[in-house]
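Undergrad:
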Amino acid sequence: MKKIIPPFAYIATKPKQEEVHPHIKGHMEDLQKIEDKGKSWLVKHLKKGGPVKIENPIPEVKGPKRTRDIWNTQTPNYKDWETDNSKWKKWLADNIAQSQTTIHFNHDRGDWLDKWGDKVRPEDALAEQQQIEKVYNTIYTPEMETQDELNMKTTGNIAVLASSVFYSILSLMIIIIVREVLAAKKNHLNLFDGLKLGINEIIAGLEKGAINMVSVAIAIATAGIIVGAVASTGLSNNLIVVVEAIAGDNIIILLALTAILCIVLGMGLPTTANYLVVAALMSHVVVEVAGASGYVFPLIAVHLYVFYFGLMADVTPPVGLASYAASAISKADPIKTGIQAFWYESRTAILPVVFIFNNELLLIGIENFWHGLMILGTSLIAILVFSSATQGWFINKLKWYEIIIFILISLSLFRPGYILDKFYPKYEYSQLQSKNLELINLKPDRDVHIKITRRTGYGDRYKLFIIKKNSFTKNYSLEDYGISLVDQEGRMTIDTLKWKGIAKKSGIESGDVISEFKIEILERPNKAIVYPFALLILFIFGYLNYKRKPTL
Numbered sequence: 130m131k132k133i134i135p136p137f138a139y140i141a142t143k144p145k146q147e148e149v150h151p152h153i154k155g156h157m158e159d160l161q162k163i164e165d166k167g168k169s170w171l172v173k174h175l176k177k178g179g180p181v182k183i184e185n186p187i188p189e190v191k192g193p194k195r196t197r198d199i200w201n202t203q204t205p206n207y208k209d210w211e212t213d214n215s216k217w218k219k220w221l222a223d224n225i226a227q228s229q230t231t232i233h234f235n236h237d238r239g240d241w242l243d244k245w246g247d248k249v250r251p252e253d254a255l256a257e258q259q260q261i262e263k264v265y266n267t268i269y270t271p272e273m274e275t276q277d278e279l280n281m282k283t284t285g286n287i288a289v290l291a292s293s294v295f296y297s298i299l300s301l302m303i304i305i306i307v308r309e310v311l312a313a314k315k316n317h318l319n320l321f322d323g324l325k326l327g328i329n330e331i332i333a334g335l336e337k338g339a340i341n342m343v344s345v346a347i348a349i350a351t352a353g354i355i356v357g358a359v360a361s362t363g364l365s366n367n368l369i370v371v372v373e374a375i376a377g378d379n380i381i382i383l384l385a386l387t388a389i390l391c392i393v394l395g396m397g398l399p400t401t402a403n404y405l406v407v408a409a410l411m412s413h414v415v416v417e418v419a420g421a422s423g424y425v426f427p428l429i430a431v432h433l434y435v436f437y438f439g440l441m442a443d444v445t446p447p448v449g450l451a452s453y454a455a456s457a458i459s460k461a462d463p464i465k466t467g468i469q470a471f472w473y474e475s476r477t478a479i480l481p482v483v484f485i486f487n488n489e490l491l492l493i494g495i496e497n498f499w500h501g502l503m504i505l506g507t508s509l510i511a512i513l514v515f516s517s518a519t520q521g522w523f524i525n526k527l528k529w530y531e532i533i534i535f536i537l538i539s540l541s542l543f544r545p546g547y548i549l550d551k552f553y554p555k556y557e558y559s560q561l562q563s564k565n566l567e568l569i570n571l572k573p574d575r576d577v578h579i580k581i582t583r584r585t586g587y588g589d590r591y592k593l594f595i596i597k598k599n600s601f602t603k604n605y606s607l608e609d610y611g612i613s614l615v616d617q618e619g620r621m622t623i624d625t626l627k628w629k630g631i632a633k634k635s636g637i638e639s640g641d642v643i644s645e646f647k648i649e650i651l652e653r654p655n656k657a658i659v660y661p662f663a664l665l666i667l668f669i670f671g672y673l674n675y676k677r678k679p680t681l
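Residue numbering for the sequence shown is 130 to 681, as defined by our numbering.
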């Protein structure tokens, strides 16, 4: 546990001898009571072994009113509550540990402040922290720490080194030098000359990279001003509220609205600045609102989605820079050129919509070479079928019902999981009730989705939290995940959070209401089963279109 250290400026000067702040004094007295009475209570009751009957175990604290509120209101009602000793010890240790956030150092004011913003002497802050640590270490055993570390382990996540880029560039330099040395040896030249050529090539590459970075740095600096303005004004949060209010739970409206905003934001910007602006403004919006709708999109897919539509601004009138450049060459009207270019590009705009749902198109989740080859083949067929449907031609002119069928075929090939979900749902919805919480036994090989409703200053906000498969090594409960629930007027509300638990680390807060709880179903066919049916329908209608006489 980190200790609170007074500022260096304070250490260099002799502190004034002031009286201990009344809030701190009362809080420290309360901690002393918990240490004395709480420890004696534990020693008395925990020696019995097995479950114990607990009735108001925490001694009621005195002291200042706001300090009493901290302990008395945050202590659950344990009357007639049966539990084992380890759970009770863990709860007490966790709640004592959470009290360390009562005092913090405010860098703006340059002082130690308590929870209510009142100034506190640094030695009082340090004394309280030491008191909390003393009580916490008395109760928090090494076994609990081991269990906490076990719960926080997540297998299946790939650790990416922060210095990977540096080592990649360094490896490239070594390869260049080795290549020149081997070339010199092959041509029977001096090896030193090959080494010299390799070093000169590296220096030339560094110089060219530095020159190219000048224009990029200017674009990044300009975009940084925009991003800073967005962060300081809270525009991103307001965008989330606006988009969420318009789209609601409809993911298609969300993506369409995001695409329009990205096109508007990307107008007149160079490529690098375009990406920085749309990524800073819109990627967070898509992730947050999509999570509220129950969808989890990889960040790489979201960034590519917003970047794609940001680049579409180059051909979209009235600011389409590429359209003006093309019209200057062709001597055509720039607005008409932009409209025609946008119409052509809208056919490929289906791609970002597809890969944000089907991440396999981005090679995410590809298991082997043959799996990747299958995705490549079906994707090529799907985009050809979709292009035929939007143009109204296959081999011959398509009829209206054939256009609809071709669009459905392309959807089946692009996103087979959506079709399969209509027959075999991917998740099983579970109704949480206070009487069945103890019966919930979650398996570690399945994803669990928890959708919560949180009351904020902007109104109700919806968030999605996922317990990834293999986060635990054995069957677990919601208490092992780190949350305890209470039924408040028929709504399952998160009462307390386990200190250092996975739930707390994920961002779940006390007072959140669980509005949806679903568990992944593993016993269902592979989504690739949709491909043969889609290809069969394509073959039938393609053959009928081929046999039909051409019509002009």
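For each residue, glycine too, the CB sits at the ideal point set by N, CA and C. Given the structure is predicted, the values throughout are model-derived calculations rather than measurements.
Less than 7 angstroms separating the beta-carbons of SER613 and ASP624?
TA: yes
Undergrad: Give the DSSP bridge partners of ILE612, in chain order.
TA: LEU626
Undergrad: Is DSSP giving THR507 helix, strand or coil here?
TA: helix
Undergrad: Using beta-carbon positions only, say whether LEU537 and MET621 come within less than 7 angstroms of one another.
TA: no
Undergrad: What does DSSP give as the partner residues of TYR547 in its beta bridges?
TA: Its beta-bridge partners do not exist; DSSP assigns none.
Undergrad: Report yes if the C-beta of VAL514 is less than 6 angstroms from at least one heavy atom of the ligand ADP; otherwise report no.
TA: Inclusion of the ligand ADP in the displayed structure is not the case, the ligand content being empty and no account of it being possible.
Undergrad: So PHE436 and VAL407 are supposed to be a Cβ contact under 8 angstroms. How far apart are they, rounded?
TA: 6 angstroms
Undergrad: If contacts are defined as beta-carbon pairs under 8 angstroms, then GLU474 and VAL444 qualify, I think. What distance do you get, rounded to the angstrom?
TA: Yes, they are in contact, since the Cβ atoms of GLU474 and VAL444 sit about 6 angstroms apart, within 8 angstroms.
Undergrad: Kindly indicate the opening and closing residues of the alpha helix (DSSP H) around GLY449.
TA: Counting along the chain, GLY449 falls outside any alpha helix (DSSP H), and DSSP gives it neither H nor E.
Undergrad: On the DSSP bridge assignment, give the partners of MET621 in chain order.
TA: ASP616
Undergrad: Which residues mark the beginning and the end of the beta strand (DSSP E) in which LEU593 is found?
TA: 588-596
Undergrad: Please classify GLU652: is it buried, with 16 or more other beta-carbons within 10 angstroms of its beta-carbon, or exposed?
TA: exposed
Undergrad: Put TYR558 into one of helix, strand or coil per three-state DSSP.
TA: Strand at TYR558.
Undergrad: Starting from the C-beta of ARG677, find all residues in its chain whose C-beta is less than 7 angstroms away, skip the five residues before and the five after it, and write them out in chain order.
TA: ASN525
Undergrad: Between VAL356, LEU502, LYS647, which lies nearest to TYR424 when the distance is taken from Cα to Cα?
TA: LYS647
Undergrad: Quick one: any contact between the segment 543-561 and the segment 666-675, if contact means 3 or more CB pairs under 8 angstroms?
TA: As far as the Cβ criterion goes, the segment 543-561 does not touch the segment 666-675, which means the pair count is below three.
Undergrad: As a quick exercise: from TYR610, VAL356, LEU440, VAL615, pick the residue whose alpha carbon is nearest that of PHE601.
TA: TYR610
Undergrad: What span of residues does the alpha helix (DSSP H) with ILE468 cover, start to end?
TA: Run containing ILE468: 463-477, per the alpha helix (DSSP H) assignment.
Undergrad: Which ranges would you report for the beta strand (DSSP E) in the segment 380-451 if only whole runs of at least 3 residues count?
TA: none
Undergrad: Between the segment 388-407 and the segment 341-354, do at least 3 Cβ pairs fall closer than 8 angstroms?
TA: yes
Undergrad: Using C-beta distances below 6 angstroms, list every residue in its chain close to ALA470, excluding the 5 sequence neighbours before and after it, in chain order.
TA: VAL444, SER452, listed in sequence order.
Undergrad: By how many angstroms is the C-alpha of ILE303 removed from the C-alpha of ILE458?
TA: 45 angstroms
Undergrad: Go through its chain and collect everything with a Cβ distance to GLY420's Cβ below 7 angstroms, but skip five positions before and after it.
TA: LYS592, LEU593
Undergrad: With burial defined as no fewer than 16 other Cβ atoms inside 10 Å of the residue's Cβ, what is the status of ARG590: buried or exposed?
TA: buried
Undergrad: I need the boundaries of the beta strand (DSSP E) containing GLU649, first residue and last residue.
TA: In the DSSP assignment, GLU649 falls within the unbroken beta strand (DSSP E) covering 642-649.
Undergrad: Please report the distance separating the alpha-carbon of ASN604 from that of SER412.
TA: 35 angstroms
Undergrad: Would DSSP call ILE304 helix, strand or coil?
TA: helix
Undergrad: Can SER344 and ILE380 be called in contact, C-beta distance under 7 angstroms?
TA: no
Undergrad: According to DSSP, simplified to helix, strand and coil, what is LEU364?
TA: helix
Undergrad: Could you tell me which residues DSSP pairs with LYS580 in its beta bridges?
TA: LEU593, GLU645
Undergrad: Smallest Cα separation from ALA663: which of PRO573, SER508, VAL577, LEU566?
TA: SER508
Undergrad: Secondary structure at TYR672, three-state DSSP: helix, strand or coil?
TA: helix
Undergrad: Excluding the five sequence neighbours on either side, which residues of its own chain have a C-beta within less than 7 angstroms of the C-beta of PRO427, listed in chain order?
TA: ASN488, ILE493
Undergrad: Below 8 angstroms CB to CB, which residues in the same chain sit around ILE331 once its five sequence neighbours on both sides are set aside?
TA: Answer for ILE331: MET302, ILE305, ILE306, listed in chain order.
Undergrad: Compare the Cα-Cα distances from GLU638 to each of GLU645, THR582, GLY586, LYS656 and report the closest residue.
TA: THR582
Undergrad: Which value, in whole angstroms, describes the spacing of the CA atoms of LEU433 and THR477?
TA: 14 angstroms
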